[in-house]
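Following: one structure in structure tokens, then a few remarks.
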Ligand SMILES: Cc1cc2nc3c(=O)[nH]c(=O)nc-3n(C[C@H](O)[C@H](O)[C@H](O)COP(=O)(O)O)c2cc1C
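In structure tokens form, the structure reads like this:
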């Protein structure tokens, strides 16, 4: 798939087939993340890839996030909130749309604001690379930051102390291709053109 096609056709996927994803395919997705740029090539990301029994145990933790939905939605502009279906979110959360694999993206805990910000930017690039690579391989992903509301329980289960959770990314073969959602192409200021 051409890069332009991947960028423009990719959708967030919240419904997956139970068909297992071969490890070599997940490796391609992870390698796309690792290919992302980072300050001084520091590669601050770490990926924890979970399937099987442990995936099921982690879903039991992650599915608690809808309890925080009111707090999550309070962080966004009011006009976006009616577009959200609490029912659909709760349904998705029960088994994360059936995604057979979950990728946890973490980075080192840092107190310096600048150092933290640049690490986060690097991880965001890695996440986007992975989402595009996954899409081009016929897979789907969702960048599930709502799961950060149960970060401490997730990290305790994974036994990780010195890292913070950047996102949770369920991944698998797509059960359906979601419709595109609109973009606002006015969000740019041109100077000197
Ligand atoms: C930083 C970030 C956080 C997101 N968090 C969530 C989330 O918690 N739950 C969810 O279902 N989708 C989440 N998404 C997916 C967005 O809802 C989705 O990207 C957006 O609606 C645009 O749809 P599209 O990805 O299909 O173009 C997130 C996406 C990004 C980039």
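Numbering (the numbering used here), first residue to last: -2 to 190.
For glycine and all other residues, C-beta sits at the position ideal for the given N, C-alpha and C.
Under DSSP, the alpha helix (DSSP H) around residue i begins and ends at which residues?
i           : result
residue 18  : Unbroken run through residue 18: none, as it is neither H nor E.
residue 170 : Premise fails: residue 170 lies in the beta strand (DSSP E), 160 to 170, not in any alpha helix (DSSP H).
residue 152 : 148 to 155
residue 80  : Looking at the DSSP string, residue 80 is not in any alpha helix (DSSP H), and its letter there is neither H nor E.
residue 70  : 66 to 70
Apart from the five residues on each side of it in sequence, which residues of its chain come closer than 7 Å, Cβ to Cβ, to residue i?
i          : result
residue 7  : 128, 129 and 132
residue 62 : 90, 143, 144, 146 and 147
residue 81 : 70
How is the beta strand (DSSP E) around residue i delimited, first residue to last?
i          : result
residue 44 : 43 to 48
Have a look at the DSSP bridge pairing and note the partners of residue i.
i           : result
residue 136 : 170
residue 101 : 45 and 165
So what does DSSP say about residue i, is it helix, strand or coil?
i           : result
residue 95  : helix
residue -1  : coil
residue 141 : coil
residue 207 : Because the chain spans -2 through 190 in this model, residue 207 falls outside it and cannot be assessed.
residue 189 : coil
residue 178 : coil
residue 87  : helix
residue 33  : coil
residue 209 : Any property of residue 209 remains undetermined from this structure, which presents the chain solely from -2 to 190.
residue 183 : coil
residue 63  : helix
residue 128 : helix
residue 39  : coil
Starting from the C-beta of residue i, find all residues in its chain whose C-beta is less than 6 Å away, skip the five residues before and the five after it, and write them out in chain order.
i           : result
residue 9   : 139
residue 116 : 41 and 104
residue 17  : 97
residue 175 : 8
residue 13  : 94, 95, 96, 169 and 172
residue 123 : 30, 33 and 42
For residue i, which residues of its own chain have a beta-carbon under 8 Å away from its beta-carbon, when the five flanking residues on both sides are left out?
i           : result
residue 92  : 56 and 60
residue 22  : 134 and 136
residue 0   : 129
residue 83  : 63 and 66
residue 54  : 154
residue 158 : 152
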